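46 is the number of the first residue of the sequence shown in the numbering used here; add one for each residue after it. What follows is a short report on a single structure.
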Amino acid sequence: MYWAIVTLTTVGYGDLSPNTPLGQFLASLVMVLGYGVIAVPTGIVSVELNRAYNKTSTKACLHCGRGAHDDDALFCKICGGTLGVELSRPATTG
Numbered sequence: 046m047y048w049a050i051v052t053l054t055t056v057g058y059g060d061l062s063p064n065t066p067l068g069q070f071l072a073s074l075v076m077v078l079g080y081g082v083i084a085v086p087t088g089i090v091s092v093e094l095n096r097a098y099n100k101t102s103t104k105a106c107l108h109c110g111r112g113a114h115d116d117d118a119l120f121c122k123i124c125g126g127t128l129g130v131e132l133s134r135p136a137t138t139g
């Protein structure tokens, strides 16, 4: 995909570039749209991978009060105390 954008806009080579204002505008438009096609899905995939990797609960430790433990944890990863009830979790959609 990257090479298609570079080829269409001639940004990467420098030997050929549009001279007219309309040509320069079209080349910049194609470049921005092309890089958007690359960046947006990459960002979405990165966020979803991060969300899948960081599965933490909102249970608070009864001894030290720390949160952000693993979903299946029964004891605190900081002090080893028993985990209590879940703290208020913000509503998520989707």
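Where is the CB? At the ideal position from N, CA and C, for every residue including glycine. The structure presented is a predicted model; accordingly, all values stated were derived computationally and were not measured.
Answer with buried or exposed for Cys109, where buried requires no fewer than 16 other C-beta atoms within 10 angstroms of its C-beta. Exposed is the call here.
Sheet register partners of Cys106 (DSSP bridge): Secondary-structure assignment with DSSP links Cys106 through a beta bridge to Leu128.
By the 10 Å Cβ neighbour count, where 16 or more other Cβ atoms means buried, how is Lys104 classified, buried or exposed? If you draw a 10 Å sphere on the C-beta of Lys104, you find 16 or more other C-beta atoms in it, and that means buried.
Boundaries of the alpha helix (DSSP H) in which Pro66 is found, first to last residue: It spans Pro66 to Tyr98 - the alpha helix (DSSP H) in which Pro66 sits, taken as one unbroken run.
What is the rounded straight-line gap between the Cα of Gly81 and the Cα of Leu119? Near 44 angstroms, if we compare the C-alpha coordinates of Leu119 and Gly81.
Cβ neighbours of Leu71 in the same chain (closer than 8 angstroms, five flanking residues each side left out): Excluding its 5 nearest sequence neighbours in each direction, Leu71 has C-beta neighbours in its own chain below 8 angstroms: Pro63, listed in chain order.
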